[in-house]
Structure formats: structure tokens, C-alpha cells
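Residue numbers (our numbering): 10 to 305.
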């Protein structure tokens, strides 16, 4: 399958308040966000013309910027509307939405307080994050080389670009070894998350999920917890030791891109996609699509 470069496509990108032809949406090579990772972003999905939990995503974008010590020069409502307008401009009803904010090129150095803050929004068609056939029987994960950092050493509550460096390294290594993704431990050695998704385990009909005290408490994660509780399923948020995985029967990961994806293997530990995992996968799929049909 030929690769279609993301810088050579038809369409429009919202950049600093106006639509720019896709191929012309560029930044300078000395942009601070490129050199020092002073960049925050979001990943959202539009289903049937509605972006699922759009305002929650936008509010998190603003919070992430605040944590990285810069202010987005728009309101939450303006970015919400720009996301919708960008999808409409590109004639898309089902797509991935990527808002991003970063420091510009006015200063290059650790200190860059006089840089302009830029915002862009791009949208594109993006089917299932994992191959549908593989997803149905459960994806295979290996263990990541790097751990999620201590909140005292990195701004772990922000969806900041720099925090994804170790995710890219880990996912590349996993794919080279024939796995779909990698599971990361945290700085204490507890199970944390996959490279771009939160994780849940099933034991005796209850859900167990890592406590998000050093990684993002994902919007999809919170949605799945709400869905499970509505079904009367007990949800236990706690620290999970690696060796405990042998006692869980099911496993799945969740995220805007991954949605709800069953897992059959994490390194030496095996799981069988079962009733609860598959039910939540279907319930979440129905929710995001029915939400698109039901006015807020």
C-alpha cells in the first residue's frame, strides 16, 4: 500500500483563524515547538457529523497549554466551532480531528516567553486504528522499553507532544517485533497504559484499571467507566502490579483512536476477548454513533 504523505494532500487546514490550502499550511524550521516540544494537541473523532465530546477535548487542550505555560489566543467555543467548520470545509462527516497549539519562531532557546502562540486544526478520514479482523480476536501487545515518568519530572497531566516521544519509540519497536502496540509501566513499575490508549482488565465480572496519577485520565476511559457502571459492572481504579495480569481473564484498551479494542496478549500474559469486553466495545460504538444522531 502506497503512503500518502500528510504534507501533500488536497483539502483545507484551519490555521490561526483562517482556512489555508492543505499544502500551504507550514511553519518555519526554527519553530520553538519543533525544537523544544512546546506543543499540545488533541485527538478527536467525528461520527455522522458530530465530534464526540468535542468541548471536553477542547477544554483539555486549553488545560494542557496552561500547564506548558502558554495561553491559547481563542476561546473554547471558538475552537469548538473551528473544529466543526474544518470538517465541513473538507466535506467530511466521519473523520479524525487534530487541533494543535504551539510556540512559534520568534525566539529559539529554552526561554521563549515572547513567542506567538499558533493554533491549527486538521481533519482526515481515518478508519479503525487497528485492523478490524485482528481487533475482533484481540490485538497482541509487548512490553515497552520506557516507563511513564514521575509527575515530578514531567507535566504528565498535559497532552503534550514531548510526552509521546517514548510512545513512538515503543510502538515502533513493538511493530518491528510483530505486535500491534506496547504496554507501558509507570515510574514505580505499575501497569500504566498503552502508547496511545488506557487499559482495562476483567476479573470475576469486575473491571480493574490503573489509577491515572502519572498519565492522562482519558476521555474515552471516563466514558467507558460510565458505560460499565450503567450496566451495573463494578469498576476498580487502582495500582496494578505486572504479575497480577495472570489473574485477569479479559483485557481491552480504550482511546479516541483505538475506541474499545480487545487484547489477547501482553507479553507473557494471555487473555480471551469475552462477553464484557465485546459488550463494551459494541456499546461504545453504538454510543458515539447514536450521539451523532441525537442533538445535544
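Glycine included, C-beta positions come from ideal geometry on N, C-alpha and C.
Legend entry - Backbone secondary structure at residue 104 - three-state DSSP: The three-state reading of DSSP puts residue 104 in strand, counting E and B together.
Inset, instruction - Inspect the CB distances between the region 271 to 286 and the region 43 to 56 and report whether three or more fall short of 8 Å. - result: In this structure the region 271 to 286 does not lie against the region 43 to 56, because fewer than three pairs of beta carbons, one per stretch, are closer than 8 Å.
Legend entry - Assigned secondary structure, residue 212 (DSSP; H/G/I helix, E/B strand, else coil): Residue 212: strand per DSSP, three-state reduction.
Legend entry - Unbroken stretches of the beta strand (DSSP E), 3 residues or longer, contained in the region 24 to 79: Taking only runs of at least 3 residues, the beta strand (DSSP E) segments lying wholly in the region 24 to 79 are 27 to 30, 48 to 50, 53 to 56.
Inset, instruction - Leaving out five residues on either side along the sequence, give the residues of the same chain with a beta carbon under 8 Å from the beta carbon of residue 123. - result: Counting only Cβ-Cβ distances below 8 Å, and skipping sequence neighbours, we find 115, 116.
Inset, instruction - Ignore the nearest five residues each way along the sequence and tell me which others in residue 206's own chain have a CB closer than 7 Å to its CB. - result: Excluding residues within five positions, the ones whose Cβ falls inside 7 Å are 262, 263, 264, 267.
Legend entry - Unbroken stretches of the alpha helix (DSSP H), 4 residues or longer, contained in the region 173 to 244: List check, alpha helix (DSSP H) in window: 174 to 185, 228 to 239.
Inset, instruction - State the CB to CB distance for the pair residue 211 and residue 259, rounded to an integer number of angstroms; the pair is presumed to be in contact (CB under 8 Å). - result: The distance from the Cβ of residue 211 to that of residue 259 is about 4 Å, consistent with a contact at the 8 Å cut-off.
Legend entry - Three-state class that DSSP yields for residue 18 in the structure shown: Three-state result, residue 18: coil.
Inset, instruction - Return helix, strand or coil for residue 289, following the three-state DSSP convention. - result: DSSP places residue 289 in helix when its eight states are reduced to three.
Inset, instruction - Please state if the CB of residue 23 and the CB of residue 99 are separated by a distance shorter than 7 Å. - result: For residue 99 and residue 23, no; Cβs fall outside 7 Å.
Inset, instruction - May I ask you to report which of helix, strand or coil DSSP gives residue 297? - result: Three-state result, residue 297: helix.
Inset, instruction - Label residue 216 either buried or exposed according to how many other C-beta atoms from any shown protein chain fall within 10 Å of its C-beta, with 16 as the threshold for buried. - result: When all chains shown are included, residue 216 counts as buried.
Inset, instruction - Within its chain, find whatever has a CB closer than 7 Å to the CB of residue 272; leave out the 5 residues flanking it on each side and keep chain order. - result: Cβ-Cβ distances below 7 Å link residue 272 to 147, 148, 150, 260, 261, 262, 280 in the same chain, with the five nearest sequence neighbours on each side left out; the list follows chain order.
Inset, instruction - Consult DSSP for residue 254 and reduce its assignment to one of helix, strand or coil. - result: Correct three-state label for residue 254: helix.
Inset, instruction - Would you give the residue range spanned by the alpha helix (DSSP H) that residue 91 belongs to? - result: Note, residue 91: alpha helix (DSSP H), 85 to 98.
Inset, instruction - Use the C-beta contact count for residue 63: other C-beta atoms within 10 angstroms, 16 or more gives buried, fewer gives exposed. - result: Under this definition residue 63 is a buried residue.
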